[in-house]
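Residue numbers for the sequence shown follow the numbering used here, beginning at 1491 and rising by one.
Backbone N, C-alpha and C define an ideal beta-carbon position, used for all residues, glycine too.
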Amino acid sequence: MYDFDSVQDGTGYSPLKYCGFKSSGSGQNVKNNAASARNTHSSYTGVLYYNSGYKGAADYIWGTVNQLDATYNENASFNWKS
């Protein structure tokens, strides 16, 4: 995801929203608003970047819930790493 603020939604572009069911962050923008992340993919590591376009400091996410360090509430893009 190149930029959490510009996600194609079928009619244009809009900010990515968190859709956790009955959670405190439900409906909030994802960009610059995450303190932790979870990756349940068995083969790939998730990488959260400080800046849009996969740039800047990064946190590598695998396994259970990970507290963000380099991108705590300052996360703008995401990519998978094998």
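*Compare the C-alpha of Ala1524 against each of Val1497, Ser1532, Asp1549 and name the closest.*
Asp1549
Tell whether a beta-carbon distance below 8 Å holds between Trp1570 and Tyr1540. no
Tell me which same chain residues have a C-beta within less than 6 Å of the C-beta of Gln1498, skipping the five on either side of it? none
Original post:
So what's Leu1538 in DSSP terms, helix, strand or just coil?
Top reply: strand
Where DSSP assigns a beta bridge to Asn1556, which residues make up the other side? Ala1527
The beta strand (DSSP E) spanning Gly1500 covers which residue range? Segment: none, Gly1500 is in no beta strand (DSSP E) and carries neither H nor E.
* Check whether the Cβ atoms of Phe1568 and Gly1546 lie closer than 8 Å to each other. => no
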